[in-house]
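Protein chains in written order, with the working numbering: chain A, 37 to 524; chain B, 37 to 524. We treat Cβ as the ideally placed atom computed from N, Cα and C, and that holds for glycine. Note that the coordinates shown come from a computational prediction; the quantities given were computed from them, not determined experimentally. Taking it in order: structure first as structure tokens, then the write-up.
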């Protein structure tokens, strides 16, 4: 099949190939669902076909998907969602009155009283009121709230707005290392420049402003740094930032004229003694008008994490602060092209920011379910640190918050050489071997970024406690075998 | 507030301004939710505050949101969704057995049996089987099905993959004029080049391959045309393409080495006598292996339109055909960064592609609801054409399919001059005036593109029949006043 050349480009073969596709998309990497997950799925199929393995099931501790790991949904939320989906149930006496009231309110704010319609219900007001309560009364304007399809959607949108320039005037985006790879993927996709700042593993993955400054100064040579991304509590590193650290970061952002992106999706996931979640907005406003009226910021939240873990509903929002009104108008236009975030997710978000109150019938059971989930997570965070640190060659920081541990692993030199011979990162080699031997699926640290010469993996703390113990013990066994016997 | 310059860029003022934001985003236009909708919302607030107007409510005929206009959801779909949201209802005897069976099947395919989890259920297989039934047995491979957050999401993703090059090697995207502005907006946002081909209003908005060729040849001078987008049935123009026309388009795409994007979200919305929906895939395969094994294509569908109209759930899929396997791997990676489409939308999609069967208890009522919705739309399509064409100066093509009419309006020269004085497109001026006088919200034709010197508006045919009649009559009255009295 030979065809004429168009603009000197040959037309033989496919229209769309690896060589002529969007080059930025090719640069995108996303380890959380990378080759290791594909191999895990393949092994699952093999197990089903009766292939003998040293284990009977694959345990996927690679992804922060609470319900898939057996966490039960919050009853009240699901009752309201069922009522919204099928309003005939409003006549059903088995549903509590407060669930019906909530459902009726959501339906009333929907055009045609149907969650099948496109216009968002009155969720933005409820989100603003939630933020005000959370931040001790600091005002939140519903006009600054943008609903989103999970937090990822909003993060991509803000990074898109901020990307411009060519060559060494290209927008630079500061992201932590290790990071959640949505950030590096989006930076690559937008053709922006990644500026890596390293979290301090020896100080429980804390953020040091000196390191921000080092990274920024180096980056100024080859790009235009405009954005500073913070993940607090941290993913994959599980640290919770101190108030002092947040102040320092805000001061740095102001001095260096950076737009702050605060990823706060784990705001309810704080476990460690002495750790507390401080929102960037609250700290910003506590620092006085010199900061609160100047520093531009977007803060992100989601229904996918915390105690609800409803990833599948893709509910989320961002609050923008001090954003130029003309830019806001552009943002509004941009999000309207994509129509609206899913309305069931918006309804769920409305419940999360406006949960049952003490005088309502569902309050007691709601609080019990919420507390139980968070207490179990805290216990699993503690167990994870404790068990990993019993093994020589695994060093695990406390899981202060979020849903992951990111322990450092010492690998034998022979394994590192062998991995490189096979063209793999050493921690990918390690995780692949763990998957084959023990049926446990983790994500290698190289997928999140790490200091040169160090190796890690990310594991979620989401499996039920009993299963988590087994997972931790199997990894410890494996590690001892891998480091002591496998490469002698 | 004076700050040091970075790379010669002054740091005074906001970090993010209209001048230094992503320039492609600034170029995006999206009329469907533009200034006219903002004014409509303002008028609604004024009415609530008791401001006197020549009408008592604003009727929004600007947006294809069926439920917001009063269309009732399909009972069976909502029953299953309620069961999936709150599985305790599986014990409830008021739900039909087939709804329970469907819900159980969806829950079983979800990790943790919860639609709150992230991994897609077995929807892709069901979609593939649906396509096979629709296309008379032509095979569909679930590996070619990508689920999406509505069709928009998938359309944006494919356009993103296809965009590359700089200057006159930049990707050119052929889109119909008039078009649904998602296309022009995405082309602008990606920095690709829009290649407009005009539909033939005098031949019921049909597509003429000669016009495709004209547009393509002109575009080859300044860009690299790679994509041909087709909307069938048409939005905003309501035409249904003949089988012959689809063949011609496919032949053209093959000859000119173009990637075909077939937006088929209105595939069940066909009303006119003699019109029939032909899927691009079916026609492609009927044309024999010379075509079916070479022409690269993506076809899009959604849960937002047709008889269900569930915009709020953001369910959708695309099928890719003849896509290079390496590109497919890149596509899979790209979509995985955004995690997953909303699972309630996926569940709904699963029901749409796998509705109640004749031997199931819900079949009769399901079919009645479906038929009633489509019959009412057909009646409204007929009414719309009939009533508009009674008025001199409004010329309305038959609404063969989809949900819109795009009549041509003749405007008095004086009105055109007045509009230009006010810096408005003449049809925007007309629609704004209509909104102020009659409380009816339409979208001016200029938001969709139209031949220079012609004027149109888009109106949905979605209001309930009684209301639609009133809307049509008011528009006719207004048009007579506007053309005969207002500018004398």
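For the region 143-206 of chain A, list the alpha helix (DSSP H) runs that are entirely contained and at least 4 residues long, ordered along the chain.
159-170 and 186-198
Compare the beta carbon distance of residue 393 of chain A and residue 342 of chain A with 8 Å and say whether it is the shorter of the two.
no
Indicate whether residue 198 of chain B and residue 263 of chain B have their beta-carbon atoms separated by less than 8 Å.
yes
Counting contacts by CB-CB distance shorter than 8 Å, is residue 125 of chain A in contact with chain B?
yes
What in chain A is Cβ-close to residue 301 of chain B, meaning under 8 Å?
Contact of residue 301 of chain B with chain A by beta-carbon distance below 8 Å is absent, the smallest such distance being about 12 Å.
Starting from residue 477 of chain A, find everything on chain B with Cβ-Cβ shorter than 9 Å and list it in chain order.
Here the premise fails: no neighbours, minimum Cβ distance about 13 Å.
Measure the C-alpha to C-alpha separation of residue 47 of chain B and residue 94 of chain B and round it to an integer number of angstroms.
The predicted position of residue 47 of chain B is uncertain, since its pLDDT is 45 and thus under 50; no value can be drawn from it.
Under 9 Å between beta-carbons, which chain B residues line up against residue 327 of chain A? List them in chain order, please.
Under the 9 Å cutoff, chain B gives no residues; its nearest Cβ is about 12 Å from residue 327 of chain A.
Contact between the region 356-370 of chain B and the region 190-210 of chain B is defined here as three or more beta-carbon pairs at a separation below 8 Å; is this criterion met?
yes
Is the closest heavy atom of the ligand NAD to the C-beta of residue 477 of chain B under 7 Å?
Among the components modelled here there is no ligand, and therefore nothing to report on the ligand NAD.
For residue 321 of chain B, I'd like the list of residues in its chain whose CB is within less than 6 Å of its CB, leaving aside the five on either flank, ordered along the chain.
174 and 328
Helix, strand or coil for residue 481 of chain A per DSSP?
helix
To the nearest whole angstrom, what separates the beta carbons of residue 266 of chain B and residue 285 of chain B, a pair I think is in contact under 8 Å?
6 Å
Comparing the C-beta of residue 347 of chain B with each C-beta of chain A, is any distance below 8 Å?
yes
On a CA-only basis, which of A:387, A:282, A:269 and A:358 is nearest residue 436 of chain A? Give me that one, please.
A:269
At the level of alpha carbons, what is the spacing between residue 108 of chain B and residue 123 of chain A?
11 Å
Just to confirm my understanding: we take residue 136 of chain B, look at its own chain, exclude 5 residues before and 5 after, and list those with CB closer than 7 Å. What are they?
119 and 126
Got a sec, what are the start and stop residues for the alpha helix (DSSP H) residue 372 of chain A sits in?
361-373
Going by DSSP, name the residue or residues bridged to residue 440 of chain A.
DSSP, once it has assigned bridges, lists A:496 as partnering residue 440 of chain A.
Can you tell me which residues form a DSSP beta bridge with residue 337 of chain A?
A:353
Can you tell me the Cα-Cα spacing of residue 288 of chain B and residue 133 of chain B, whole angstroms?
49 Å
Sorted by chain position, which residues of the same chain lie with C-beta nearer than 7 Å to residue 45 of chain B's C-beta, five sequence neighbours on each side aside?
Any reading at residue 45 of chain B must be qualified, since the residue scores a pLDDT of 41, below 50, and its modelled position is unreliable; the value itself is stated next. Nothing meets the Cβ criterion.
What does the Cβ neighbour count give for residue 41 of chain A, buried or exposed, with the cut at 16 atoms within 10 Å?
With a pLDDT of only 40 at residue 41 of chain A, under 50, the local geometry of the prediction cannot be trusted, and the value read off the model is given with reservation. Per the 10 Å Cβ criterion, exposed.
Would a check of beta-carbon distances place residue 485 of chain A closer than 8 Å to chain B?
no
Interface residues of chain A around residue 203 of chain B at Cβ under 7 Å?
Listed along chain A, no residue sits closer than 7 Å to residue 203 of chain B by beta-carbon distance, the nearest being about 11 Å off.
Can you tell me where the beta strand (DSSP E) with residue 232 of chain B in it begins and where it stops?
229-234
By Cβ distance, which residues of its chain are closer than 8 Å to residue 121 of chain A, with the 5 residues on each side in sequence left out?
151 and 380
Could you tell me which of A:101, A:97 and A:159 sits nearest to residue 387 of chain A, measuring between CA atoms?
A:159
If you count every other CB in all the chains shown that lies within 10 Å of the CB of residue 189 of chain A, and 16 or more means buried, which is it?
With at least 16 other beta carbons inside 10 angstroms of its own, residue 189 of chain A counts as buried.
Going along the chain, which residues of the region 88-107 of chain B sit with their C-beta nearer than 9 Å to a C-beta in chain A?
96, 99, 100, 101, 102, 103, 104, 105, 106 and 107
Would you list the residues sitting across from residue 431 of chain A in a DSSP beta bridge?
Residue pairing by DSSP puts residue 431 of chain A in a beta bridge opposite A:444.
For residue 60 of chain A, name the three-state secondary structure that DSSP assigns.
In the three-state DSSP reduction, residue 60 of chain A falls in the helix class (H, G or I).
For residue 468 of chain B, go through chain A and note every residue whose CB falls closer than 8 Å to its CB, in chain order.
By Cβ distance, chain A contributes nothing, its closest Cβ being about 18 Å from residue 468 of chain B, past 8 Å.
To the nearest angstrom, how far is it from the Cα of residue 411 of chain A to the Cα of residue 403 of chain A?
12 Å
Quick one: give me the first and last residue of the alpha helix (DSSP H) that residue 248 of chain B is part of.
245-255
With the cut-off set at 8 Å, would you say residue 301 of chain A and residue 278 of chain A are in Cβ contact?
no
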